[in-house]
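Okay, structure first, notes after.
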Amino acid sequence: AGFVLVQPIMMKFLSVLPMVGVALHPRPAYDGSANGTASFARWLIHESDYGVVSTHHDGPAPFGGIISVADGEGSEDSTGVIYTFIPSLDVTYQDLVKNPNVTITFSEMALAGGTSGGCLNTTAENPPCGRVTITGQLTKVPDGKVDEARKFLFATHPIMREIGRAQSELQSRSDLVCRLLLEKKKK
């Protein structure tokens, strides 16, 4: 038994207003179109170091946790596939074994010390401060893509390479290197 490939996901774009961003790459202009929404979502996810993942947990309440993410090999490469590593001892891993359906949330407030876009001197809930919520299935990376996922995670989070345990855990069969696909909306 294993995890199935990622099913198409639904993106919900919560808020964006055009403002100049202070992040690694310029914040894309938002024009209210589907392409503008997708462009902003890809930008925010690529610029983000982490997201908040919510899983179905035992009992009536969902469970939220932090996951480090990578969507390509370093800052100049974005693939549209979100990769993360979740150790088998993590509650998120245990929830995913039972149900791979998740929601991952990213906030522009987490970028550039809270100075990106419309976030300066305000709160993350202020509408000009962009955020993206993605729902889908966080599933095991296929065997043929594990090396690529590891390369992307180490390029984005060099500390993972420095921590010897992380390297060996990434090679463990019981731990998950997960992915979530960001698919382009079909016309």
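When we follow my numbering, the leftmost residue of the sequence shown carries the number 13, and every step to the right adds one. Backbone N, C-alpha and C fix where the C-beta goes; we use that ideal spot for every residue, glycine too.
Look at the Cβ atom of residue i, then the Cβ atom of residue j, and state whether they are nearer than 9 angstroms.
i	j	result
Ser66	Thr115	yes
Ile98	Leu108	yes
Asn113	Gly148	yes
Thr232	Val144	This structure gives no information on residue 232, because the portion of the chain shown stretches from 13 to 199.
Tyr62	Ala136	no
Leu150	Thr96	yes
Could you check the C-alpha separation between residue i and residue j for me, to the nearest Å?
i	j	result
Ala53	Ser119	10 angstroms
Asp102	Lys152	15 angstroms
Glu85	Ala161	9 angstroms
His169	His58	13 angstroms
Ser45	Thr134	26 angstroms
His68	Ser100	16 angstroms
Asp89	Val158	17 angstroms
Gly48	Tyr42	5 angstroms
Pro139	Leu56	15 angstroms
Arg39	Gly142	10 angstroms
Ala178	Gln106	Any reading at Ala178 is ruled out, since the residue's pLDDT is 49, under 50, leaving its predicted position unreliable.
Ser51	Ala124	19 angstroms
Arg173	Pro154	21 angstroms
Ala73	Ile146	19 angstroms
Lys110	Val64	19 angstroms
His37	Ile171	22 angstroms
Ser87	Gly156	23 angstroms
Going by DSSP, what residues sit across from residue i in a beta bridge?
i	result
Phe118	Val144
Asn113	Gln149
Taking 8 angstroms as the cut-off, is the beta-carbon of residue i closer than that to any non-hydrogen atom of the ligand MN?
i	result
Pro154	Questions concerning the ligand MN fall outside what the structure shown contains, since it holds no ligand whatsoever.
What runs of the beta strand (DSSP E), each 3 residues or longer, lie entirely inside the stretch 30–101? 62–68, 74–80 and 93–98
The stretch 124–134 touching the stretch 74–83, judged by at least three CB pairs closer than 8 angstroms: no
Contact between the stretch 80–93 and the stretch 156–170 (3+ Cβ pairs under 8 angstroms): yes
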